[in-house]
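> A single structure is presented below for examination.
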Amino acid sequence: MKILTLNFLTCARKACKATNAAFPLHPRDAELEIVETDLNPLFIRNILPRIEWDALREICVELGLPTLPDAAPEPAALFAEPIVPADTMQDADEGAEKQPTQLLQDLHRLLLETTIATGKLVCGNCGHEYAVKEGIANFLLPSHLV
Amino acid sequence: MATDDDGRGEAYETEYVHTVYEQIASHFSSTRYKPWPIVERFLKSLRDGSIGVDVGCGNGKYLSVNPNVFIIGSANLARIAARHEPHSSVVADNLSLPHPLASFDFAISIAVIHHLSTPLRRIQAVRAILELLKTASGGTGSGSQPAETETGGRALIYVWALEQKDSRRGWDEGHEQDVMVPWVMKSNNKANHKNRQKNKAEHREHSDHLSASVSGMHTQDGPSKACSDSQHSVKEKQDTSCAAHDNDSQQATSDSQESKTFQRYYHLYRKGELEHDIAEAGGIVLDSGYEKDNWWAVATPVVGTSAPASTNLYRTS
């Protein structure tokens, strides 16, 4: 399960959805795994405004990942002006493409490639633990919690 | 609408939907690789960077259609849908979805809510999907993309139709709407040698409407390729009309060494019923229609009746 996915998950219990404490879910006993995937710079740019940055920072701290800056980066920080070798300058199309910055690549690595392979996701409101196995979180509730 | 549910409900669905799909999962999955046109068109119409859910994503067939949006799929089959980059999937119940309310740009529910076995549960399932969508009044209120929050999120819901008299199953208006549909799984399938699909569809011979519709629309095979050997309603004795016009299936049965039949529950929607359920669930139908034995509708939450601000889980600080 990707770190990005955590941005769109809460406790499955109806009573918890009405509370702020149910978001984000808190990883516990998490075993992380890097699953490489192709970099899609525009995807990262488009998704960035939808990230709840404070929640993402909190999750990174809980997972022992490097601390994120206080505020989400500006879109302008994701791309650098193209560095075009002299012998390809005549290729206008290629020359017009902006280059992904290290920051963008770091976000790709964190949001899409860093995954929770096994562990638990814990609701901050009710304390219910959802298991993550083989990279898949299971949100089926026992009948007394539905 | 029927009020007699014949003991149906969650436990019934566990036996006649979930348990069956668990057992036929890999077989079923191998028959699920072609998106339906309406669904493909809906997914490709989305703005880049849209965020959505695929409630009941099965093998994740629709997760591959548009790589420029982000979809979280959910299903009991999520382990099969695990790898469709950049998307993600979880195991969850349609009636207890683990997502923030009023947060998503879109949702799809393809061939799922017809497996819920009471009128109330079907409406609850639609409500559970609609309440995830941003409302036209402002959604998550992040403010970063005001243009995007002017319109509400959209859900595409797709269900099997009662009216399909030209299909090999032949159901039509007036037929019992709650039916059991067999899935025949064989351990040996030499009979498929004439299948020239380049896909690895070794097991695609049999059963339910998805494979029937897909083969009818997208392959050179005959329309009754996927017929299973029987159909019958919940209340009635077995009806073998299907087998009578399905030579391929008969052939396959004689060639195979062993087969096992699983029965799945379906509620067949009559004309207008999906729209009715959407209205009951607090939705507005933006568009609807009929495609190859199925009813579909695109819906959005009614402004002002969806999740109030207090249920917005995203932090504002």
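Protein sequence lines correspond, in order, to chains A and B.
Going by full-length UniProt numbering, the first residue of the first sequence is number 1, and it counts up by one from there.
Going by full-length UniProt numbering, the first residue of the second sequence is number 1, and it counts up by one from there.
Backbone N, C-alpha and C define an ideal beta-carbon position, used for all residues, glycine too.
1) Do three or more CB pairs link the region 102-119 of chain B to the region 151-161 of chain B at distances below 8 Å?
2) Run through DSSP, which three-state label would Q99/A get?
3) Which of the three DSSP states, helix, strand or coil, is assigned to L133/B?
4) Look up R28/A in the DSSP assignment and give the residues it is bridged to.
5) M1/A to I71/B, Cα distance in whole Å?
6) Whole angstroms are fine: how far does the CA of C16/A sit from the CA of C126/A?
7) Got a sec? Which residues, its chain only, sit under 6 Å from N68/B by beta carbon, not counting five neighbours each side?
8) What number of angstroms, rounded off, separates the C-alpha of residue 318/B from the C-alpha of H267/B?
9) Report all residues from its chain with a CB closer than 7 Å to the CB of V35/A; omit the five preceding and five following residues, and keep chain order.
10) Using three-state DSSP, classify W171/B as helix, strand or coil.
11) Using a 10 Å radius around the Cβ and a threshold of 16 neighbouring Cβ atoms, would you call D93/B buried or exposed?
12) Along chain A, in chain order, which residues have C-beta atoms closer than 8 Å to that of V90/B?
13) In or out: V53/B buried (at least 16 other Cβ within 10 Å) or exposed?
14) If I measure Cβ to Cβ from V269/B and keep anything under 8 Å in the same chain, skipping five residues before and after, which residues do I get?
15) Where do the ends of the beta strand (DSSP E) carrying N294/B lie?
16) Residue range of the alpha helix (DSSP H) that A55/A falls in?
17) Could you check which residue in N59/B, A11/B, S96/B has the C-alpha nearest to that of residue 216/A?
18) Does DSSP put V39/B in a helix, a strand or coil?
19) Pop quiz: L111/A and P75/A are said to be a contact at Cβ under 8 Å. What is the actual Cβ separation, rounded to whole angstroms?
20) Look up T19/B in the DSSP assignment and say whether it is helix, strand or coil.
Quick look at the numbers:
1) Short answer: they touch.
2) strand
3) strand
4) K120/A
5) 13 Å
6) 7 Å
7) D48
8) Residue 318/B lies beyond the stretch modelled for chain B, which goes from 1 to 317, so this question has no answer here.
9) The residues are E113, T115.
10) coil
11) buried
12) M1, T5, L9, I136, A137, N138, F139
13) Under this definition V53/B is a buried residue.
14) One point to set straight first is that residue 269/B is Tyr, not Val, in the sequence displayed. These residues qualify, in order along the chain: H114, V159, W160, A161, L162, Q177, W295.
15) 294-301
16) 53-63
17) In the structure displayed, chain A extends from 1 to 146; residue 216/A sits before or after that span and is not available.
18) helix
19) So it is not a contact: roughly 15 Å between Cβ atoms.
20) Helix.
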